[in-house]
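Taking it in order: structure first as structure tokens, then the write-up.
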Amino acid sequence: MMPMRNLPLAVLVCVAAVRALAADAVPVKVSTDMGPASTRVVLTFQKKTACAVTPDPGRVKVTCDAAIAADPATGAFDDAILKGFAPEGDHALMFVPGPGYTRIDSFELKNPTRLVLDFSGTRASAGKAPTPPPPAKPLPIIVIDPGHGGVETGAVGPSGLQEKDLTLDLARRLKALLTRQGVTVVLTRDDDRILPLDDRTAIANHNRAVLFISLHLNASKRKTAFGAETYYLSTSATDAEARTLAGLENKAYTPPDAAAASTPADAAPDHGLELILWDLAQNSFIAESSRLAEAVQTELNAMTGVRDRGVRQAPFRVLMGATMPAILVEAGFISNPEEEARFKDDAYKDKIAEAIARAVRP
Amino acid sequence: MRAVVVALLVALVACGGGERKADRQPQAETAAPEAAAADSPSDAPMAAASVTLYFPSASDDGLAVETRDIVDTKRPADRGAQILAALIDGPKTEGALPAMPPGTTLRHLWVRDDGNAYADFSEELAMSGSGGSAEEIRTIYAIVDSLTANVPAIRRVGILVGGRQRETLGHLDIRRPLPPDLTLASKAKPTE
Numbered sequence: 001m002m003p004m005r006n007l008p009l010a011v012l013v014c015v016a017a018v019r020a021l022a023a024d025a026v027p028v029k030v031s032t033d034m035g036p037a038s039t040r041v042v043l044t045f046q047k048k049t050a051c052a053v054t055p056d057p058g059r060v061k062v063t064c065d066a067a068i069a070a071d072p073a074t075g076a077f078d079d080a081i082l083k084g085f086a087p088e089g090d091h092a093l094m095f096v097p098g099p100g101y102t103r104i105d106s107f108e109l110k111n112p113t114r115l116v117l118d119f120s121g122t123r124a125s126a127g128k129a130p131t132p133p134p135p136a137k138p139l140p141i142i143v144i145d146p147g148h149g150g151v152e153t154g155a156v157g158p159s160g161l162q163e164k165d166l167t168l169d170l171a172r173r174l175k176a177l178l179t180r181q182g183v184t185v186v187l188t189r190d191d192d193r194i195l196p197l198d199d200r201t202a203i204a205n206h207n208r209a210v211l212f213i214s215l216h217l218n219a220s221k222r223k224t225a226f227g228a229e230t231y232y233l234s235t236s237a238t239d240a241e242a243r244t245l246a247g248l249e250n251k252a253y254t255p256p257d258a259a260a261a262s263t264p265a266d267a268a269p270d271h272g273l274e275l276i277l278w279d280l281a282q283n284s285f286i287a288e289s290s291r292l293a294e295a296v297q298t299e300l301n302a303m304t305g306v307r308d309r310g311v312r313q314a315p316f317r318v319l320m321g322a323t324m325p326a327i328l329v330e331a332g333f334i335s336n337p338e339e340e341a342r343f344k345d346d347a348y349k350d351k352i353a354e355a356i357a358r359a360v361r362p
Numbered sequence: 001m002r003a004v005v006v007a008l009l010v011a012l013v014a015c016g017g018g019e020r021k022a023d024r025q026p027q028a029e030t031a032a033p034e035a036a037a038a039d040s041p042s043d044a045p046m047a048a049a050s051v052t053l054y055f056p057s058a059s060d061d062g063l064a065v066e067t068r069d070i071v072d073t074k075r076p077a078d079r080g081a082q083i084l085a086a087l088i089d090g091p092k093t094e095g096a097l098p099a100m101p102p103g104t105t106l107r108h109l110w111v112r113d114d115g116n117a118y119a120d121f122s123e124e125l126a127m128s129g130s131g132g133s134a135e136e137i138r139t140i141y142a143i144v145d146s147l148t149a150n151v152p153a154i155r156r157v158g159i160l161v162g163g164r165q166r167e168t169l170g171h172l173d174i175r176r177p178l179p180p181d182l183t184l185a186s187k188a189k190p191t192e
């Protein structure tokens, strides 16, 4: 059965190979990062390239639809999980796992095109493992998402304080606090750069995080607007989708009639079932997200003495698709001169981070 | 008042606010069939209808209510276009704030048989997401709540900018039509 199924792929690869002979090879930057029980390899392609990952006994092959030029071209590691890699032909890279290797996971990121390969396993048997052996129970991972970044500054306070800088500042403080409590924290960005909303939850999902916390600062035309509020996803929007989906399943999906495509929705290409299903992912965690939001809001109110703005729900794009409890914290209004001034004070920022840390402590 | 109503009606016809599909939509209000199917302004009833508009409240983070008279047209797309024109025109009381960034215009409004309306605004609307989520939420739900509260045929509203679908205006998912958020409107008290 498998050989039959592989045949079209093989033909495809051959066609791609012929076509790519004339073209220049796509430069691919290869970077590796060793974690406690995994080795992550990130292939960054200079232009859009599609690749297939084929795990075979003793090797993992990455075959691309264009000729590729890896930089560095080869790699050799003193590692029990991944021993090295080398090119195979001009379209493929061959990765050679070590004796501790158990599994490969891969996923793609866009802008620029990246292929992330996670080789999991154990280094316990390796005599000179770079890290201590992993504990019996894996540590919980919390992903913290500093809102906005890069040219997307977010809200800007009256004296010029930018939301993107403050969210990163608060995220780093929160990370430091939680790390001291034995929690592994991954930041979706740890520098000033633009990051698509989908990538933010993808990072949380991939790390199998137990919580996803997106940090933001608010702004309002009402200059007196003041205080922190915590959001979780409103399901009414996605409930409607669920009903639509049920309808689609019952009567079988009929593509929009081209002649009747009088609205942009009819013509929209991204209204696929898959997209809808993915957006429903967070719905399974709404009860836990609600409890988490309550806990965070209670701590924020108690610690900072800010007016209780309460827990609220809204269809925040960044929370959709998170496969774990997920909340968005609007830590305060930087449009309010008084509150903006507070956020310039390190002690106040620490108080905010401590309040959130108390609420999420496992 | 009458001059205003006539002007509105003329503007409405000039905008080509007609929507064939909307004509088939069952109406909650009673209307003479020939009036509901009217294509020329002279056939439309000249009566005024009172509608409830939701604007960002000046005193809290919810929405405030204002009432307006519009031309009592029965076609959902015409009715909706008048409501959005009034929202764009802005609040008339001190208790309410503008719902949309200055310069925002409505490019088109479609109302479909399935209860979804699609409102296409000029690029200025995207500015509502350039700050915090608080204003973005109020802009989006001023539009969604005002349309769904006054046009029975509209149950959800899709928001487009410059003729194109967008993922967000900054924070909220607007890839698909949104139902109203009654928690924002329930705080609202008439400000008149």
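Which chain is which? The protein sequence lines are X and Z, in order. Under the numbering used here, the first sequence has 64 at position 64, and the numbering climbs by one with no breaks. Under the numbering used here, the second sequence has 7 at position 7, and the numbering climbs by one with no breaks. Glycine included, each C-beta is placed from N, C-alpha and C at the ideal position. Model, not experiment: these values are computed from the prediction.
Assuming R361 (chain X) and L197 (chain X) are in contact, meaning their beta carbons sit under 8 Å apart, how far apart are those beta carbons, in whole angstroms? Indexing the first sequence from 1 puts residue 361 (chain X) at position 361. Indexing the first sequence from 1 puts residue 197 (chain X) at position 197. No, R361 (chain X) and L197 (chain X) are not in contact; Cβ-Cβ is about 27 Å, not under 8 Å.
Which residue wins for smallest C-alpha separation from L125 (chain Z), given the options Z:L160, Z:V111, Z:G80 and Z:L147? For the purposes of this step, residue 125 (chain Z) is identified with residue 125 of the second sequence, where counting begins at 1. Selection Z:L160, Z:V111, Z:G80 and Z:L147 evaluated against L125 (chain Z) yields Z:L160 as nearest (Cα-Cα).
Report the residues of the region 124-148 of chain Z with a CB closer than 7 Å to any CB of chain X, ordered along the chain. So the list reads G131, G132, S133, A134, E135 and I137, given in the order they occur along the chain.
Relative to the ligand FAD, is the shortest distance from any of its heavy atoms to the C-beta of C64 (chain X) smaller than 7 Å? Here there are no bound small molecules, and the ligand FAD is not part of this structure.
Short-range partners of chain Z found in the region 322-337 of chain X, where Cβ spacing is below 9 Å: Within the region 322-337 of chain X, the qualifying residues are L328, E330, F333, I334 and S335.
Return helix, strand or coil for V296 (chain X), following the three-state DSSP convention. Locating residue 296 (chain X) in the first sequence gives position 296, counting from the first residue. Helix at V296 (chain X).
Interface partners of N207 (chain X) on chain Z, CB under 8 Å: Here residue 207 (chain X) is taken as the residue at index 207 of the first sequence, counted from 1. Here the premise fails: no neighbours, minimum Cβ distance about 23 Å.
Beta-carbon gap between V111 (chain Z) and I83 (chain Z) smaller than 8 Å: On the second sequence, position 111 is the one that residue 111 (chain Z) refers to. On the second sequence, position 83 is the one that residue 83 (chain Z) refers to. No, the Cβ-Cβ distance between V111 (chain Z) and I83 (chain Z) is not below 8 Å.
Just list the residues that DSSP pairs G121 (chain X) with in beta bridges. One-based indexing of the first sequence puts residue 121 (chain X) at position 121. Looking at the DSSP assignment, G121 (chain X) forms a beta bridge with X:Y101.
Specify the secondary structure class of D181 (chain Z) as computed by DSSP and reduced to three states. Residue mapping note: residue 181 (chain Z) aligns to position 181 of the second sequence, counting from 1. In the structure shown, D181 (chain Z) sits in coil (DSSP, three-state: anything other than H, G, I, E or B).
Can you tell me which of X:A355, X:N207 and X:A322 puts its alpha carbon nearest to the alpha carbon of D118 (chain X)? Working through the first sequence from its first residue, we reach residue 118 (chain X) at position 118. For D118 (chain X), the nearest C-alpha among the options comes from X:N207.
Could you check which residue in X:S38, X:D191, X:I68 and X:A92 has the C-alpha nearest to that of G121 (chain X)? Mapped onto the first sequence, residue 121 (chain X) falls at position 121. For G121 (chain X), the nearest C-alpha among the options comes from X:S38.
Looking at C-beta atoms only, is the number of pairs between the region 61-76 of chain X and the region 154-167 of chain X that lie closer than 8 Å three or more? no
Where DSSP assigns a beta bridge to D56 (chain X), which residues make up the other side? Here residue 56 (chain X) refers to the residue found at position 56 when the first sequence is read from its first residue. D56 (chain X) is bridged to X:R59.
Helix, strand or coil for M94 (chain X)? Go by DSSP, reduced to three states. Counting from 1 along the first sequence, the entry for residue 94 (chain X) is found at position 94. Three-state DSSP puts M94 (chain X) in a strand.
Determine the burial state of K344 (chain X): buried for a count of at least 16 other Cβ atoms within 10 Å of its Cβ, exposed for fewer. The residue you call residue 344 (chain X) lines up with position 344 of the first sequence. Flag for K344 (chain X) reads exposed.
At 8 Å on the CB atoms, spell out the chain X contacts of D173 (chain Z), in chain order. Taking the second sequence and counting its residues from 1, the one referred to as residue 173 (chain Z) is at position 173. Per Cβ cutoff of 8 Å: A237, D279, P315, F316, R317 and M320.
Beta-carbon proximity check, A52 (chain X) vs T44 (chain X), cutoff 8 Å: The residue labelled residue 52 (chain X) in the question sits at position 52 within the first sequence. The residue labelled residue 44 (chain X) in the question sits at position 44 within the first sequence. No, the pair does not count as a contact, with Cβ atoms beyond the cut-off.
Specify, as a first and last residue, the run of the alpha helix (DSSP H) that D33 (chain X) falls within. Stepping through the first sequence from its first residue, residue 33 (chain X) is reached at position 33. Where D33 (chain X) is concerned, there is no enclosing alpha helix (DSSP H), although the beta strand (DSSP E) it sits in stretches over V26 to M34.
According to DSSP, simplified to helix, strand and coil, what is F285 (chain X)? Indexing the first sequence from 1 puts residue 285 (chain X) at position 285. Looking at F285 (chain X) - three-state DSSP - the assignment turns out to be helix.
Quick one: any contact between the region 90-99 of chain Z and the region 55-68 of chain Z, if contact means 3 or more CB pairs under 8 Å? Three or more beta-carbon pairs separated by less than 8 Å link the region 90-99 of chain Z to the region 55-68 of chain Z, which places the two stretches in contact.
CB contact below 8 Å: I119 (chain Z) versus chain X: On the second sequence, position 119 is the one that residue 119 (chain Z) refers to. The question names Ile, yet the displayed sequence has Ala at residue 119 (chain Z). A119 (chain Z) does not count as touching chain X.
I'd like to know whether the C-beta of T216 (chain Z) is nearer than 8 Å to at least one C-beta of chain X. Nothing about residue 216 (chain Z) can be reported from this structure: the residues present for chain Z run from 1 to 192 only.
Please list, in chain order, the chain X residues whose beta carbon lies closer than 9 Å to that of P209 (chain Z). Outside the shown range of chain Z, which is 1 to 192, sits residue 209 (chain Z), and nothing can be said about it.
Is it true that the region 216-234 of chain X meets the region 311-328 of chain X, where meeting means three or more beta-carbon pairs spaced less than 8 Å apart? Yes, the region 216-234 of chain X is in contact with the region 311-328 of chain X.
If you measure from the beta carbon of L168 (chain X) to each beta carbon in chain Z, is any gap under 8 Å? The residue given as residue 168 (chain X) occupies position 168 in the first sequence. Judged by the 8 Å Cβ criterion, L168 (chain X) is not in contact with chain Z.
For a contact meaning CB atoms closer than 8 Å, what does D78 (chain Z) contact in chain X? For this step, residue 78 (chain Z) is matched to residue 78 along the second sequence. In chain order: nothing, as chain X lies at least about 16 Å away.
To the nearest angstrom, how far is it from the Cα of G182 (chain X) to the Cα of L139 (chain X)? Here the question's residue 182 (chain X) lines up with position 182 in the first sequence. Here the question's residue 139 (chain X) lines up with position 139 in the first sequence. Straight-line spacing of the CA atoms in G182 (chain X) and L139 (chain X) works out to 7 Å.
Check P56 (chain Z) in the structure and name its three-state DSSP category. For this step, residue 56 (chain Z) is matched to residue 56 along the second sequence. P56 (chain Z): strand per DSSP, three-state reduction.
Please state whether the Cβ-Cβ distance between V186 (chain X) and L178 (chain X) is less than 8 Å. Residue numbering aside, residue 186 (chain X) sits at position 186 when the first sequence is read from its first letter. Residue numbering aside, residue 178 (chain X) sits at position 178 when the first sequence is read from its first letter. Their beta carbons are not under 8 Å apart, which means V186 (chain X) does not touch L178 (chain X) by this criterion.
Just confirm the distance between the C-beta atoms of L170 (chain X) and A353 (chain X), as a whole number of angstroms; I'd bet it's less than 8 Å. The residue given as residue 170 (chain X) occupies position 170 in the first sequence. The residue given as residue 353 (chain X) occupies position 353 in the first sequence. Between A353 (chain X) and L170 (chain X) the Cβ distance is about 6 Å, and since that is below 8 Å, they are a contact.
Distance, K83 (chain X) Cα to R123 (chain X) Cα: Sequence index remark: in the first sequence, residue 123 (chain X) carries index 123 (1-based). Sequence index remark: in the first sequence, residue 83 (chain X) carries index 83 (1-based). Answer to the nearest angstrom: the Cα atoms are 12 Å apart.
Integer Cβ distance of Y141 (chain Z) from D181 (chain Z), believed to fall under 8 Å: Along the second sequence, read from residue 1 onward, the residue named residue 141 (chain Z) stands at position 141. Along the second sequence, read from residue 1 onward, the residue named residue 181 (chain Z) stands at position 181. About 5 Å; that satisfies the 8 Å criterion.
So what does DSSP say about T68 (chain Z), is it helix, strand or coil? Within the second sequence, numbered from 1, the residue matching residue 68 (chain Z) stands at position 68. For the record, residue 68 (chain Z) in the displayed sequence is Arg; it is not Thr. R68 (chain Z): strand per DSSP, three-state reduction.
Are the C-beta atoms of A228 (chain X) and some chain Z residue less than 8 Å apart? Within the first sequence, numbered from 1, the residue matching residue 228 (chain X) stands at position 228. Look at A228 (chain X): its C-beta is not under 8 Å from any C-beta on chain Z.
Reduced DSSP secondary structure (H/G/I, E/B, other) of N218 (chain X): The residue you call residue 218 (chain X) lines up with position 218 of the first sequence. N218 (chain X) falls in the strand class under three-state DSSP.
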